[in-house]
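Q:
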Amino acid sequence: MPIGNGRVMMAKATFARASASAALAWAMAIGTAHAQIGGDPQPAQAATDQSSNPDIVVTGTLIRGTPENLAVPVDVISSEELSKQGAPSVVDLLKNLTVANGTVGDANQFDTRAQGSEGVASVNLRGLGPQRTLVLLNGKRMVPSGLGIPIVDVNMFPAGAIGRVEILKDGAAATYGSDAISGVVNFITRTDQEGFLVSGDYRYIDGSKGDYGGAASFGHKQDGFRVFGAVGYQRRSELRFTDRDFAVQPYQTNPQGAWTGGGNPGNFDFNGTVGGINLTTDLGCAGLGGFRSAPGSNTDRCFTNFGQFDNLVEPEERFQAYVETEFDVTDNATLRFTTLYSFTNTRVTSSPSYLPTLPPSANSAFGNGALFIVPGYAPALRDYCTLYGAQAGCTRNAAGTLDSAAGLPVLFRPFLLGGNPLFDNGSNDRGSAVSRRDTEALRFTAEANVRLTDNLDFSTSFTFSEYNRDYDGTDTFGDLLQNALAGFGGPSCAYSSTASRAGLSAAQLAALAGTNGCTYFNPFSTGIPRNAVSDVANPNYAGTRNPAGFNLAPGAGLINDLSTIDLFFRTPNTQVRTRQFVGDIALSGRTGLRLWADEDIGFAVGAQYRKNIFRTQLNADANLATNPCPGTPLNPNATCNPLTGALGFLGTNFERFAAADVYALFAELQIPIIDAINLQLSARYEDYRGNVGSTFDPQARVKIELTDWLGLRGGVGSSFRGPPPQNLSGSGVSLQVIGTGFRAVEVFGNPNLEPESATTYNGGVLIDSGPFNASLDYWRYDFKGPIESEPVSGLATALFGASGTANCGNPAFAALQSRFTFNAAGCGINNVSRLRTQVFNSANVKTSGLDFTASYRGELGPARITVGGAATYVIDYKIDDLNVENILVQPAFNAVGLLNFQTTAYPIPQWRGNWYVQGDAGPHSLRLQFNYVDGYTDQRGAAIYGPNLGALGGASVTRGKEIGSWRTFDATYRLALESGTTFTLAAVNIFDRDPPFARLDPNYDSFTASPLGFTLKAGVSQAF
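Here the sequence shown stands for residues 3 to 1026, where the numbers follow this note's numbering.
1) Checking the sheet assignment: what are the DSSP bridge partners for glycine 475?
2) Just the C-alpha distance for arginine 836 and alanine 539, rounded to the nearest angstrom, thanks.
3) So, is threonine 1017 buried or exposed, given that buried needs 16 or more other C-beta atoms within 10 angstroms?
4) If you drop the 5 nearest sequence neighbours on each side, which residues of the same chain put their C-beta closer than 6 Å to that of alanine 865?
5) In the DSSP assignment, the alpha helix (DSSP H) including glycine 545 goes from what residue to what residue?
6) At 3 residues or longer, what runs of the beta strand (DSSP E) sit wholly inside the stretch 860-903?
7) Cβ of tyrosine 690 within 8 Å of Cβ of serine 684?
8) Report yes if the C-beta distance between serine 344 and phenylalanine 374 is below 8 Å; otherwise report no.
9) Give me the Cβ distance between aspartate 213 and serine 180, rounded to the nearest whole Å; I'm assuming they're in contact under 8 Å.
10) Spatial neighbours of cysteine 287 within its chain, please: CB distance less than 6 Å, with the 5 preceding and 5 following residues excluded, ordered by chain position.
11) Tell me the DSSP secondary structure of glycine 289 in three-state form.
12) Considering only C-alpha positions, which residue in the set Ala817, Ala450, Thr807 is nearest to glycine 828?
13) Taking the CB atoms as reference points, tell me whether glycine 724 and asparagine 832 lie closer together than 8 Å.
14) Taking 8 Å as the threshold (C-beta atoms), are serine 219 and glycine 162 in contact?
15) State the DSSP-derived secondary structure class of serine 795, mapped to helix, strand or coil.
16) Please classify arginine 115: does DSSP put it in a helix, a strand, or coil?
17) By Cβ distance below 7 Å, which residues in the same chain neighbour glycine 811 in space, the five residues on each side in sequence not counted?
18) Compare the Cα-Cα distances from arginine 782 to each of Asp878, Asn427, Gly421, Gln701 and report the closest residue.
19) Which of the three DSSP states is assigned to serine 1023 in this structure?
20) What would DSSP say about alanine 1011, mapped onto helix, strand or coil?
21) Where DSSP assigns a beta bridge to arginine 439, which residues make up the other side?
22) Short of 6 Å in beta carbon distance, which residues of its chain neighbour leucine 930, apart from the five on each side in sequence? Order them along the chain.
23) By Cβ distance, which residues of its chain are closer than 6 Å to aspartate 245, with the 5 residues on each side in sequence left out?
24) Is DSSP giving phenylalanine 227 helix, strand or coil here?
25) Comparing alpha-carbon positions, which option in Val250, Phe659, Ile164 lies nearest serine 80?
26) Beta-carbon separation of glutamine 258 and arginine 1001 under 8 Å?
27) Taking the straight line between their C-alpha atoms, what separation do you get for asparagine 365 and proline 635?
28) Consult DSSP for serine 857 and reduce its assignment to one of helix, strand or coil.
29) Hey, is the stretch 416-428 in contact with the stretch 561-571, meaning 3+ C-beta pairs nearer than 8 Å?
30) I'd like the list of long-range same chain contacts for threonine 455, defined as Cβ closer than 8 Å, with 5 residues on each side in sequence excluded.
31) Just how far apart, CA to CA, sit serine 536 and serine 498?
32) Nearest to arginine 532 by CA position, among Asp94, Val78, Gly289, Asn843, is which residue?
33) Give me the DSSP bridge partner(s) of arginine 572.
34) Please return the same chain residues whose Cβ sits closer than 6 Å to the Cβ of methionine 158, not counting the five positions on each side in sequence.
35) Where are the beta strand (DSSP E) runs, 3 residues long or more, that stay fully inside the stretch 698-773, in chain order?
36) Specify the secondary structure class of cysteine 304 as computed by DSSP and reduced to three states.
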């Protein structure tokens, strides 16, 4: 069943219009097609087999016809190799790369670096951040997304179009410009296909409906004309937290496992004083599945689990289409045009609602700018106190009744364990909040190549790409919620506005509440019919108890109605569009000059212009221009300083526009010194104009062939990355854990950002002795001024310490404390409402390591046997001291072997590797593979692993400090028949291992491991 509400047809129409000329040429060629598929290049030789062709550019050089002894450290994965691995998904492929760490893929919403990127996949070479890996398609740039971290979404590429993937494991800004700090991943389309190829596959995943997809491609070449086209479709099915035993753990096992102290059932202060907050849990907490603070704890809180409403894998529907045409204009000139279109529809399920951390203003009924209030006259409060009495903490006046003017502060969210009734339907039986994440991408290229002489080539190209992200959030207008708590909710309430209640006394308000079309919202457990996940009924639900003397009509005070909820529960929408225009011109070839080698010196010179555009559009709920203050929905003239918007948690922004022009000059020399020594020299100058300035980056690489089977290679150079335009201004909001739950963290742009830069070093030994091939490479990055968001964990730890209030009120910490907004209880880690941070040039990083690869090919009877493997060992990942507001918030540390939660580093296991045995006999192929990721340590201290005074009576939970290694075995069988039919059966994680436990929301590290368990994928393809 489609997710996209008709978007599929619209997407197809858009693509058809965008590529009409290319499609027409493709259609004209079909009639003369021959039903034959050309062979794929072998993995180890893909780059060099084609390097003698002047039309091929190997990743890492701009010189056409580059010699085979190039010094660039490039790994090549061919489509044939991927087929023998069972055609893994993009996420699985990237997570298995030994040279990558911190891959965005599953369960994205729980880390700020991945929030909002559901349905997106990226590459993160060396763990330096996916924004520092340059992703190319056929050697040309792709526009990055406009997400918080600007990354290239590799889900845009149709798998059926890719002939090979080349991975340059070294900085390459001298060749390609900005973003190529950690390396380059170049997806290269097929050039040798003749005829049609269609394929389909299904992947069994326990607990879900499985994943499935299909692809079709066509290629033809005749009389100076070549055409290639491919389409792909993939569908991922939902996998819930509750579908995996490890994903939902008791509070006593993992207090950080998606538990919050501000949920529903919530927490109340029944003494009515706003200043000294003394919260007491809703006594319906345990009966509905919550956890109440253990005896001996210094707080009384109801902790509720939102993870059971979330997914480990979100449902996704993806479509891609690619068309490429090439014409020989003359014998020495060709024109090439490509069009890529893709879209992704994702539906994200999340907590039924969020904790409203922005307090209601005085424009709302009983709003005080401090906390939410349930007035003493509210039927829900009177019923709750009648049901539970003094044990709930309810206090009464001398007459034995609740004071109708008493204000009772509330720490809660509107919905959690009971689900959100606005989303309670057949496909979402949990009542999780559901949000859209829709992506549409478009890319055109036009390229002209001219052979001026036998030794001189000219090329020019233009690339336009656009990436549109349309995503919803779910949140609450706090003042409208406060109105409903006080009996002035609902769309027909005559006294909802501030003006309509002006001058009314507390007694008059009490008399008017719940009348004249006004309705109530019941925040207590008595308004929850059942636990939406376990379906266990709530015996204290007002609708079941039928308490005497109360009106049980929806909205009258005890039973909540949809219209009241629909008014205060909002859907903020953001549309982010990034565009990139790139123009290139280059001259390359052979100089005719030689040193002491048999080959001429090669060269390339050229220029590039790039224009990057970033734009956001917001609906009224999310737009500060429309709703600048909490009270604006009730009073158009409401004022506030600073402008906070009306949303209670996610925050509100202004629409933004930013653009940047980049001008570049580049040059490269390939210098064969002698036949056994090849030197590559590259340099690039880029000018960003304005405050960013310019940068010059040189690079040198050398390869030395000591013998026919032994070689050395090495290089040194500088790389850089200019600040994306969206990081220079504006703001965004992420959700991060502070204290006992998620809090809104505002991230502001910084106009004073400088380009980040790195000096890279590499050196290696290469062995090629016929059946045995191996390499050992040392690499190092000295990284200066990385552009990052300030680390939330460091800011919180510096201010609050282990006690939770350590430096509150300390004058030296005043500037840092001003970054935090607290509720009425004042400075303390569990009283944080919001945090203000910014993008900045962070602490310097030095990282180094070793890459190993080896393979041996032999014969065993009629079978060809290949044994091989690859591994990466990270020696160090040292981060310097980091200061914010002149306070040390992150002391220098070595991130290797650590989880690095909420720091400026990703998880960095010390070892990663995979080893395989493959047998090929006639049409049969069998591959067995072992994958290994080293264990690592969660370096968080006593705040996580020390005594838990707030909820466990001082007991410590030490489990999860050491995160175990991740070891899986895979097996793939392939049968390739002479008829062109190929069958594939791939078993992944044969022994059905759960991911290692980690003290994170999904109870594992989603950057490193997979929640899927054993999967079985069956595929078939047919060439004709």
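Built from N, CA and C at the ideal position, the CB exists for glycine as well.
Being a predicted model, the structure only gives us computed values, none of them experimental.
A: Let me spell this out:
1) Looking at the DSSP assignment, glycine 475 forms no beta bridge with any residue, so it has no partner.
2) In this structure, the straight-line span from the alpha carbon of arginine 836 to that of alanine 539 is close to 35 Å.
3) Around the CB of threonine 1017, 16 or more other CB atoms lie within 10 Å, so the residue is classed as buried.
4) Within the same chain, and ignoring the five residues on either side of alanine 865 in sequence, the residues whose Cβ sits closer than 6 Å to its Cβ are Gly921, Ala923.
5) Glycine 545 -> alpha helix (DSSP H) spans 544-547.
6) The stretch 860-903 contains these whole beta strand (DSSP E) runs: 865-881, 884-886, 889-892.
7) The Cβ atoms of tyrosine 690 and serine 684 lie no closer than 8 Å to each other.
8) In this structure, phenylalanine 374 does not lie closer than 8 Å to serine 344 by Cβ.
9) With a beta-carbon spacing of about 35 Å, aspartate 213 and serine 180 fall beyond the 8 Å limit used to define contacts.
10) So the qualifying residues of the chain are Pro267, Arg294, Cys304.
11) Secondary structure at glycine 289: helix, using DSSP grouped into helix, strand and coil.
12) Among Ala817, Ala450, Thr807, the Cα nearest to that of glycine 828 is on Thr807.
13) No, the Cβ-Cβ distance between glycine 724 and asparagine 832 is not below 8 Å.
14) For glycine 162 and serine 219, yes; Cβs fall inside 8 Å.
15) Residue state for serine 795 is assigned as helix, using DSSP reduced to three classes.
16) When DSSP states are grouped into helix, strand and coil, arginine 115 belongs to the coil group.
17) Cβ within range, chain order: Cys829.
18) Looking at the Cα atoms, Asp878 is the closest of the given residues.
19) In this structure, serine 1023 counts as strand in the three-state DSSP scheme.
20) In this structure, alanine 1011 counts as coil in the three-state DSSP scheme.
21) Within the DSSP secondary-structure output, arginine 439 pairs in a beta bridge with Thr348, Tyr473.
22) Once the five neighbours on either side are set aside, the close Cβ partners of leucine 930 are Val919, Ala973.
23) Within the same chain, Gly209 come within 6 Å of aspartate 245 by CB-CB distance, once the 5 residues on both sides are set aside.
24) Correct three-state label for phenylalanine 227: strand.
25) Selected option, being the one with the closest Cα: Ile164.
26) Cβ distance < 8 Å, so glutamine 258 and arginine 1001 count as in contact.
27) Going by the C-alpha atoms only, they are around 9 Å apart.
28) Per DSSP, reduced to three states, the secondary structure at serine 857 is strand.
29) With the rule of 3 Cβ pairs closer than 8 Å, the stretch 416-428 counts as touching the stretch 561-571.
30) Correct list, in chain order: Gly591.
31) Approximately 37 Å between the Cα atoms of the pair.
32) Arginine 532 has its Cα closest to that of Gly289, out of Asp94, Val78, Gly289, Asn843.
33) For arginine 572, which the question treats as bridged, DSSP gives the partners Asp477.
34) Around methionine 158, the same chain offers Ser344, Ala443 as residues with beta carbons nearer than 6 Å, after the five sequence neighbours per side are excluded.
35) List check, beta strand (DSSP E) in window: 712-723, 733-740, 743-750, 758-771.
36) Cysteine 304 falls in the strand class under three-state DSSP.
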